[in-house]
Structures are given as structure tokens and as C-alpha cells.
DNA sequence: GTCTCCAATCACCGAACGGTAACCGGAGCG
DNA sequence: CGCTCCGGTTACCGTTCGGTGATTGGAGAC
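Residue numbers (the numbering used here), protein chains in the order written: chain A, 13 to 218; chain B, 13 to 218.
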């Protein structure tokens, strides 16, 4: 059994080839962005030539959408799981921040497809990105509205702020804070967030 | 004096034409993104033909960079002014959040050039975007470190979170919260932020 | 052995788009 | 009157890149 991941044409089965192509495409899109990544590049990365790519994906856009959907789903899954893992809201905040850090740091930079997409004006793309962010906001909003007296639309705004805080700080940490450990960073930011949000409930804070 | 802004070829002076071209280009880049906006489009929007564009800007990239720089400077200016306008940190938080809302809502969508740029891999662009965000973070960090006992790198992380909160929530508000007034939104989010950050000082909070 | 899939290749097309060379025409001045 | 700027235009080039038609070749069924 030889190395079949990046070597030249060991004649893979259709499904295996598809997975490998998606992995190669992901690497290309993540490092170069949608426009700079040419289909030839992606095929080359997979050690294969272009028409093979087109036997698995009908167009560059479809290929990108497949990857984008995958990543968006993963992000939403992580956030939902973080909130569902406990009923203690303090822990929920911790977990949710940790979820964003995990998504940003542990998924081969897939976050770039969502947060730094260089495809604009493409309705499908915008819809997926917006939908995934909205799903995260909705999940957080549910918790806020059930545990506080805040009106739904205001709660969504608060949730969007929390999502933004997590997103941006996680990326900032990843790229600019080499001396702060992941745990420290999560602790710091979830503290900031918890102290902010815990005052809103009619229930007792802190 | 006839309408000279979008009408056909009233033979403008060099400087007037340049301003008009930048305005047309801004509109094009903002609505279509860098890649989708063709130089022909931009020229058309200005009611002028392509070579005129190239008499004022050496390349598409240079044109884009000029606009990007302008917007980035404006954002940093707004945030700096917000923080400098008072020495009361509670007010500073209010003002800073309001500054982001103002930048997002009052500048002809110029924020899209920074927060939704579809030019990746271009070093110049990344540098400008990163620099402008860093300048905002630095401004906030200064306040945090002088008024709290938090270590600088940790303070920068907190600041990045606050920047993210403002950025994302301001954009969310603009697009998704038609029933919440701007003042309400700012009030809500700056409250969230202030309650979070005001616990960090050695000085008394609230 | 040979027939037949089907993965994979080579070579190509056409459109879009950044950028440029050559030309035009009206307003002011001598 | 006519000369000369200079803001303008038309028409074009070359490259890049998404996408495809015709072809090859090795592995398994009989």
C-alpha cells in the first residue's frame, strides 16, 4: 500500500478521488482564495489533470460551494454543541468562545472560506455565509431570550456582538498573539463576554 | 453650470475628473467587489472611456488601493476621535461603538472595502486592512493598559474582541435590524461592552 | 487472450478583461 | 485665421482561465 495522498496517479476509485480532490481544493482555496486558485492549480495539487476535476464537480463555483457548505455546517455544529453541552450560562459562554477558537485553530484554516471569502456578488455564497452566521446568532439568541427579558430583535443584536467578538478575537489570537496560550485567551475573552451579558438577565448575575 | 456629476463629457479639469473617477470607482467596488468591477464599468459609471481612467491611475490595483487607504484612514480617525473626545471610560465605550456604527452607516458602504474585501493574497491590501484594524486595537489597548493592570498582549486581545463586537454588530444592525433604532442599538451594545470591560480595572467599575 | 469499461490525459476553444497605441476636436492665444 | 494643447475617443492586443472533445491505457470478466 503506497502513499496515495499526493503521489502521482495511483488510479483511485471514484469516491476516494472525490475526497482527495476536495482536500486539494480546500488547501488551494484556503491559501490562495477563490480567484487566485485556478482549476489547473487544484488539479495539479491532486496530481491529476483538469478534466478529472470536472468529472467530479460541474464547475469551479460548485466545488467551492461544496467546501463552503461543509465548513459552515461544521462551525454551526460546534457552536450548537457548545451551547447544548450545559445549562449553566456561564459555562455556555466559555464553551461558545472555545468553539470559535477551535473552529479557527483546528480546521485547517477552513474559517477563511467563511470569514475571508473573496467571492462577492455571488448570491449562493453570500447566502451560505449569512445563513451560518445567522444560525450561530439564533442559537445564542434562544438562550438569551429564554433567560432574560430582552426583546428578540435586541437579543439578536447582542448575539451578533458576541459572535463578532469571538470571531475576530479568535482570528486575532491565532495570528498575532503568540505569547498568549489558547486557554488564557479563551478565559480572558469569555470573562469579558460573561461579565457583559450576565447583567442582562432578570435572574441573578455573576 | 450644468449637472457635471454623472452626465456625459462636460470636459472636466484634471483634478475634478480625478475626484469624480474615484467616486465612480468607489461605487463600483463597493457594490460589485474588486473582481466583478471591470475598468470598463468604472469608466462607464463616470461617463468616460477607459483610457481616461488610466491617465489618472496607473492600474486597477492602484485605484483600489487609493480608495482603500482613504476608507481605512477614515475608520481609524473616527475611532481615535471617539476615544479622545472624553476621559470618562464609560463614555469612551459609547463613543467608540457609535464610531463604528457611523463608519458603517454613514460612509456610502465604504466599510465593505475593508471588512468584505474580495482581494486576497495581495500583500498591499492585506497590509492596509490589517494596519487599520491594528490601529483601532492599539488605540483601545492604550486606554485599557493605562487604566487597568492587564498585560499588553492580553489587553490587545480584549481590544480585538471589542473591535470585533462593534464591527460585526454594526453590520448586522445595518442589514438585519430594521426595527431597532441606531441609538438603541448603540446603547445596547455599548452597555454589553462596558459591563464586560469595566470589571477589569483596578479602579472601581460601573 | 481479448473485450470492455472507465479513470485519466492532451490539446484545444472562447470569453472576459487589463492595459495601450493611435487618432480627434474644441477652446484659447498670437 | 490657424496653431497647439490637452481632455477625449475608438479600436485593438495579449494573456489568463474556465470549461470541453477526442483519445489512451490498464485492470478485471469471461
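Yeah, the Cβ is synthetic: ideal placement off N, Cα and C, and Gly gets one too. Computed from a prediction, not measured in an experiment: that's the story for all the values here.
**Asked** Just the Cα atoms here: how many angstroms apart are residue 149/A and residue 126/B?
**Response** 23 angstroms
**Message:** Against residue 1/B, what residues of chain A qualify as contacts under a CB-to-CB distance less than 9 angstroms, listed in chain order?
**Reply:** This structure cannot settle anything about residue 1/B, because the visible part of chain B is limited to 13 through 218.
**Asked** DSSP on residue 153/B, reduced to helix/strand/coil?
**Response** helix
**Item:** Burial state of residue 68/A, where buried means 16 or more other Cβ atoms lie within 10 Å
**Value:** buried
**Request:** Spell out whether any CB of chain A is found under 8 angstroms from the CB atom of residue 180/B.
**Result:** yes
**Asked** Using a C-beta cutoff of 8 angstroms, does residue 77/B count as contacting chain A?
**Response** no
**Asked** How many Å lie between residue 137/A and residue 77/A at the Cα?
**Response** 7 angstroms
**Request:** Taking residue 44/B as the reference, give the member of 129/B, 163/B, 167/B with the closest Cα.
**Result:** 129/B
**Message:** For residue 218/A, count the other beta carbons within 10 Å of its own beta carbon; 16 or more makes it buried, fewer makes it exposed. Which is it?
**Reply:** Low confidence applies here, because residue 218/A scores a pLDDT of 45, under 50, leaving its location unreliable and the question unanswered by this model.
**Request:** Taking the CB atoms as reference points, tell me whether residue 172/A and residue 61/B lie closer together than 8 angstroms.
**Result:** no
**Item:** Contacts of residue 97/B in chain A (Cβ-Cβ under 9 angstroms)
**Value:** Within chain A, no residue comes near residue 97/B; the closest Cβ sits about 22 angstroms away, beyond 9 angstroms.
**Asked** At which residues does the alpha helix (DSSP H) containing residue 53/B begin and terminate?
**Response** 51 to 57
**Item:** Proximity test, Cβ basis, 8 angstroms: residue 32/A and chain B
**Value:** no
**Request:** For residue 42/A, go through chain B and note every residue whose CB falls closer than 9 angstroms to its CB, in chain order.
**Result:** In chain order: nothing, as chain B lies at least about 10 angstroms away.
**chain B contact residues for residue 176/A, given Cβ-Cβ distances below 7 angstroms** = 176, 177, 179, 180, 181
**Request:** Compare the C-beta of residue 209/B against all C-beta atoms of chain A and say whether one is closer than 8 angstroms.
**Result:** yes
**Message:** Only counting the same chain, and skipping five residues up and downstream in sequence, which positions put a Cβ closer than 8 angstroms to that of residue 156/B?
**Reply:** 162, 167, 170, 171, 209, 212
**Asked** Expressed to the nearest angstrom, what Euclidean distance is found between the alpha-carbon atoms of residue 204/A and residue 81/B?
**Response** 32 angstroms
**Request:** Leaving aside the five residues before and after residue 189/A along the sequence, list all residues of the same chain whose C-beta is less than 8 angstroms from its C-beta, in chain order.
**Result:** 197
**Prompt:** What number of angstroms, rounded off, separates the C-alpha of residue 113/B from the C-alpha of residue 120/B?
**Reply:** 12 angstroms
**Request:** Measure the C-alpha to C-alpha separation of residue 40/A and residue 131/B and round it to an integer number of angstroms.
**Result:** 15 angstroms
**Prompt:** When you compare only the Cα positions, how much space is there between residue 116/B and residue 79/A?
**Reply:** 30 angstroms
**Where the alpha helix (DSSP H) containing residue 102/B begins and where it ends** = 101 to 118
**Message:** If you follow the alpha helix (DSSP H) that residue 28/A is in, where does it begin and where does it stop?
**Reply:** 26 to 48
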